[in-house]
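Residue numbers (this note's numbering), protein chains in the order written: chain U, 40 to 293; chain Z, 43 to 271. Read the structure below first, then the notes.
Structure follows, in structure tokens:
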């Protein structure tokens, strides 16, 4: 029991930290919203993983990739606003999952269950998060400049397509990792809330980026500790911890 | 390309989304010149700057002198305030070392305490000056300046042009400047291109900016004529 708790806590801190860090890049230009629909779209993959008993992140990953390709293709073909497209994909994902998701597994799929994470899964998740942290650190400044202005980035000879591709792939990985912790419904919270809190507090980029990372990790830890104490599901508790930190951040806004 | 010529554009055409934005434009820029691109809103001025920077597709010929370094000051950066960014961070996006950033800030009249200021806290005039300073990182020989059309009060605007004029004089910088403001042209530029999709005049301002050519460029809207001192 004690080991299981520490395992969950370790996984939560790493995924939460990586999600917060990446989220600080996604907050501008409304990209944080995209993580929501992508999370929803993973539900069929999570359902398959639960039915056949393999890692939910592995089940989720191909569906996130599918979602990113679909959003990208639809945006090019239809010129509909990103919000409309993500809503279409989001609804389709949920609808499809409920055709075959076993009802007794519904809660795990929707809001996650990190409390039963196994050792192999935990190691893979922590390594995945570490890898993501390194990748995001590498692309961070270039993506910030692209977010500020693609023209300015181009005039600085930044290969925008290459960086956007790495950025989207990172989003895919964090969504796939995040569903393990908070399920298909709550992934947007993992990237959006810590970054929003950090933005309220920071006066420069380091405070913002590393603040978001720290808040993401702390929220995950708090949620898992509250789960241990209360027995409520960990996923929603992680998101609520994060939301409380956000409320505090508003009160002490700089 | 002749010696002393920094940029040569021959028969440049820009078509975006099946719409012709710039038609048959030819001009050249010599070292140390200040060329103003003048025209009403929507005339294709900013598009021309972006085309010269290689950011947009075009037909025709655009040739920069070999090895030339270009600094670009965009018209506005609406997303920049979404991110908590200090001035030091902003310059670091261009890999400018802290020492160089301090020197450039000093050259545009900002003290070193500005390094830690948040971009979001700057006034529009200060922000414009920071953008110019940012474009000066790496010592460019040419500055492309896209005039901000909104958000700068008259006083601030005047300071920017005075500042640009001083900078240009001190450093022998070549400047390409987009504006719809006639007073800037008379005060500051050595050459002017009137652009309203087609080129409508080209040459030294006091020779080519006649009431007649301005009337053609702006339609009936011109209310401002040359000051003769």
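Ideal placement from N, C-alpha and C gives every residue a C-beta, glycine not left out.
| Asked | Found |
| --- | --- |
| Rounded Cβ spacing between residue 207(U) and residue 217(U) (contact assumed at less than 8 Å) | About 15 Å separates the two Cβ atoms, so there is no contact after all. |
| Uninterrupted beta strand (DSSP E) stretches inside the region 158-227 of chain U (no shorter than 3 residues) | none |
| Cut-off 6 Å between Cβ atoms - residues of its own chain near residue 265(U), not counting five sequence neighbours on either side | 276 |
| Chain-ordered chain U contacts of residue 110(Z) [CB-CB under 8 Å] | Going along chain U, no residue has its Cβ under 8 Å from residue 110(Z), so there is no contact; the nearest lies around 13 Å. |
| Under 8 Å by beta carbon: chain U residues contacting residue 59(Z) | Within chain U, no residue comes near residue 59(Z); the closest Cβ sits about 11 Å away, beyond 8 Å. |
| Environment of residue 130(Z) [buried if 16+ CB atoms lie within 10 Å] | buried |
| Residue 267(Z) at chain U interface by Cβ criterion, 7 Å | Low local confidence applies: a pLDDT of 48 at residue 267(Z) is under 50, so the model's placement there is unreliable, with the coordinate-based value given in what follows. Residue 267(Z) does not count as touching chain U. |
| Cutoff 7 Å: residue 190(U) Cβ touching any chain Z Cβ | yes |
| Identity of the residue in 125(U), 180(U), 161(U), 104(U) nearest residue 133(Z) by Cα | 180(U) |
| Proximal residues of chain U, C-beta to C-beta of residue 219(Z) below 7 Å | By Cβ distance, chain U contributes nothing, its closest Cβ being about 16 Å from residue 219(Z), past 7 Å. |
| Cβ distance (whole Å) where residue 53(U) is taken to contact residue 165(U) below 8 Å | 5 Å |
| Cβ-based burial, residue 269(Z) [other Cβ within 10 Å; buried from 16] | The pLDDT assigned to residue 269(Z) is 47, lower than 50, so where the model puts this residue is not dependable, and the model offers no usable value. |
| Touching by the beta-carbon criterion (3+ pairs, under 8 Å), the region 122-138 of chain U and the region 74-94 of chain U | yes |
| Residue 261(Z) classed as buried or exposed, judged by whether at least 16 other C-beta atoms fall within 10 angstroms | exposed |
| For residue 111(U), the first and last residue of its enclosing alpha helix (DSSP H) | 95-117 |
| Euclidean distance between Cα positions of residue 215(U) and residue 128(Z) | 33 Å |
| Delimiting residues of the beta strand (DSSP E) encompassing residue 242(Z) | 240-245 |
| Within chain U, partners of residue 122(Z) - CB distance below 7 Å | 187 |
| Neighbouring residues, chain U, relative to residue 138(Z) (Cβ below 9 Å) | Correct list: empty, because the minimum Cβ distance to chain U is about 11 Å. |
| Three-way DSSP call (helix, strand, coil) for residue 233(U) in this model | helix |
| Supposed close pair residue 85(Z), residue 237(Z) - CB separation, criterion 8 Å | 5 Å |
| Local conformation of residue 51(Z) per DSSP, three classes | strand |
| Residue 101(Z) versus 210(Z), 143(Z), 44(Z), 52(Z), residue with shortest Cα-Cα distance | 52(Z) |
| Per-residue burial, residue 114(Z) [other beta carbons within 10 Å of its own, 16 or more giving buried] | buried |
| Minimum Cβ-Cβ distance from residue 243(U) to chain Z less than 7 Å | yes |
| Any C-beta of chain U under 7 Å from that of residue 131(Z) | yes |
| CB of residue 122(Z) within 7 Å of CB of residue 170(Z), strictly | no |
| Contacts that residue 195(U) makes with chain Z (C-beta to C-beta distance below 7 Å) | 136 |
| DSSP beta-bridge partners of residue 188(Z) | 220(Z) |
| Range covered by the alpha helix (DSSP H) that runs through residue 247(U) | 244-269 |
| Below-7 Å beta-carbon distance, residue 247(U) vs any chain Z residue | yes |
| Residue burial classification, residue 266(Z) (beta-carbon count within 10 angstroms, cutoff 16) | Here the model assigns residue 266(Z) a pLDDT of 49, short of 50, so the residue's position is not dependable and the matter cannot be decided. |
| Separation of residue 85(U) from residue 177(Z), as counted between CA atoms | 49 Å |
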